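The sequence shown begins at 40 in our numbering and counts up by one. All residues carry an ideal CB built from backbone N, CA and C; glycine is no exception. As the structure is a prediction and not an experimental result, all values here were calculated from the model.
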Amino acid sequence: MKIEKESKINYNMNFHIISVIGYSSSGKTNFITTAMKLLKKRLNYNIAVIKNVKHHPVDKKGKDSYKFTEAGATYSVIQNDNNETAIFLKKEEIRLEVLLKFLKNGPFKVDIVFTEGFRNLNNPTVLCISNLNEVEEQLTKDVKMVSGVICIKDLNNKNISDLPIVDIESQFSRFLEIFNIT
């Protein structure tokens, strides 16, 4: 059973957008962090990540950033002594397209944006799985490769549903080829 797309958004961005989907504990975050480190080290790419957090708030009630946005700030920027910065945007609904335009027009150059947990996008996608039986129900036409926890298992078959299984760490060049990253 293939998941139908909720909407198709035409992104006209000056960076690659790669979606990463999969069930909880399938290796999505590990895949993204490993890919980011390799992209930075080998290609000196600047990477952004937009994560869909469905089940818990991004900001904590009672914190200053929460108070600022609740008081009416369109966005609130906080920074600590370690030069860590967070931007909290407060709108009724901020579509992914708006966030991508924000990155495109922002002050920092971005080469690749990874999205994690957005299942209704029309972007080249990595499906992270921990077991072979997780593929069928998550497969879409946008999935270009399979990765995640499944890569630590000794598999005889290096393809699933005609899709390559790629270990991002040991097969980084294959990842670059699949997603046409130069």
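Check the Cα spacing between Phe-147 and each of Phe-218, Ile-86, Leu-202: the tightest is with Ile-86. It is roughly 13 Å from the alpha-carbon of Phe-153 to the alpha-carbon of Glu-136. Judged by DSSP secondary structure, Val-185 falls within the beta strand (DSSP E) whose first and last residues are 182-186. Under the three-state reduction of DSSP, Thr-72 is assigned to helix. Each residue's CA atom was taken as its position, placing Ile-56 and Ile-89 some 10 Å apart.
The beta carbons of Leu-160 and Leu-178 sit about 15 Å from each other, so the pair does not count as a contact at 8 Å. Cβ neighbours of Leu-77 within its own chain (closer than 8 Å, five residues either side excluded): Ile-207, Glu-208, Phe-211. The C-alpha of Ile-168 lies about 36 Å from the C-alpha of Asn-119. Taking the Cα positions, Ile-189 is about 11 Å away from Gly-61.
Excluding five sequence positions before and after Phe-107, the CB atoms of its chain that fall closer than 6 Å to its own CB belong to Ser-115, given in chain order. Taken through DSSP and simplified to helix, strand or coil, Ser-212 comes out as helix. Boundaries for Ser-104: no beta strand (DSSP E) harbours it, while the alpha helix (DSSP H) harbouring it runs 103-109, taken from the DSSP string. For Val-116, no alpha helix (DSSP H) encloses it; the enclosing beta strand (DSSP E) starts and ends at 114-118.
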